[in-house]
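Enquirer: Provided herewith is a single structure, encoded as structure tokens, for subsequent inquiry.
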DNA sequence: GCTCGCGTTCACATCATCTTCACCGCGCTT
DNA sequence: AAGCGCGGTGAAGATGATGTGAACGCGAGC
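The following block contains the structure:
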């Protein structure tokens with residue numbers, strides 16, 4: 001899966017560098033796997049808006065999300081865990097039941 | 108491979124003098140082979156950022172990294188060993204699985 | 001010729017990652 | 001209450017990526 005080639009994305013305290021596969025949380029480097037990173041990039045590319053799992057899968061995995069595939073949910077959880085550990089005061093990934101997820105920095 | 112002609116690079120306790128082919132760790136000279144040195148310079152030229160093996164190979168070896176070539180990994184290991192022996196309290200070379208390596212001084 | 005340092009390559013060990021499954025709780029409907 | 005869909009969460013197994021020690025060949029210097 002190709003990773004977006006945008007320059008630099010900033011979401012609150014998060015700094016995403018698509019070219020390097022690097023995310024800085026408050027200046028400190030986050031260790032993300034390729035999938036976690038691609039998922040974050042996918043979410044960030046629609047920051048503030050609700051993104052369906054289908055769309056996230058298309059962007060981060062490539063291809064079509066098969067019915068019953070929970071990969072997306074599992075990786076949202078992994079991402080959440082790492083983001084929360086890095087920036088405990090923020091909640092970045094919000095669930096919209098029946099619709100998808102939304103990336104948004106919060107207090 | 109010609110080694111960068113940058114002036115002087117300081118990474119935490121590391122002082123790299125590309126012109127002289129010399130590295131000082133906490134003031135003490137490190138004994139590095141040419142490849143080890145070139146690799147360190149390549150990493151240092153992107154300090155704080157994640158550098159792909161391909162890029163490292165291009166800079167330190169010249170030419171293109173062939174698939175299956177582990178030279179880069181092997182030399183990262185050699186470099187790590189020498190750096191850790193010189194400055195045990197620091198971890199300089201960080202692995203980003205699937206992306207590459209990042210040079211950064213750490214506690 | 002011999003030794004030594006170096007760079008490359010190989011083989012194996014170890015670790016991280018990805019996928020999938022199972023089970024849970026929740027809210028909604030019947 | 002029971003059934004259902006949905007999402008959260010932990011874990012197992014297969015796979016792939018990286019770490020690591022050792023062997024080999026080579027060229028420089030003795």
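Protein chains in written order, with my numbering: chain A, 1 to 107; chain B, 108 to 214.
Positions of the beta carbon are idealized from the N, C-alpha and C atoms, including for glycine.
Leaving aside the five residues before and after residue 50 of chain A along the sequence, list all residues of the same chain whose C-beta is less than 8 Å from its C-beta, in chain order.
Expert: Within the first chain, numbered from 1, the residue matching residue 50 of chain A stands at position 50. For residue 50 of chain A, where only same-chain residues beyond five positions count, the Cβ hits under 8 Å are 96, 99, 100, 101 and 102.
Enquirer: Answer yes or no: does any C-beta atom of chain A fall closer than 7 Å to that of residue 183 of chain B?
Expert: For the purposes of this step, residue 183 of chain B is taken as residue 76 along the second chain, with counting starting at 1. It does not; no Cβ of chain A falls within 7 Å.
Enquirer: Say whether the region 32-42 of chain A touches the region 58-67 of chain A, bearing in mind that this needs 3 or more beta-carbon pairs closer than 8 Å, one atom from each stretch.
Expert: With a cut-off of 8 Å, the region 58-67 of chain A and the region 32-42 of chain A count as touching, because enough Cβ pairs lie within range.
Enquirer: Please decide whether residue 21 of chain A counts as near chain B, where near means a Cβ-Cβ distance under 7 Å.
Expert: The residue labelled residue 21 of chain A in the question sits at position 21 within the first chain. True, the Cβ-Cβ gap to chain B drops below 7 Å.
Enquirer: Mind listing which residues of the region 196-209 of chain B have their C-beta closer than 8 Å to chain A's C-betas, in chain order?
Expert: Within the region 196-209 of chain B, the residues whose Cβ lies closer than 8 Å to some Cβ of chain A are 201, 203, 204, 205, 206, 207 and 209, listed in chain order.
Enquirer: Have a look at residue 13 of chain A and residue 197 of chain B and give me their C-alpha separation to the nearest angstrom.
Expert: Working through the first chain from its first residue, we reach residue 13 of chain A at position 13. Working through the second chain from its first residue, we reach residue 197 of chain B at position 90. Each residue's alpha carbon lies about 26 Å from the other.
Enquirer: If we cut at 7 Å on Cβ distances, does residue 34 of chain A have a partner in chain B?
Expert: The count along the first chain starts at 1 and reaches residue 34 of chain A at position 34. True, the Cβ-Cβ gap to chain B drops below 7 Å.
Enquirer: Nearest-angstrom Cα distance between residue 171 of chain B and residue 94 of chain A?
Expert: Taking the second chain and counting its residues from 1, the one referred to as residue 171 of chain B is at position 64. Taking the first chain and counting its residues from 1, the one referred to as residue 94 of chain A is at position 94. Rounded to whole angstroms, residue 171 of chain B to residue 94 of chain A spans 43 Å at the Cα level.
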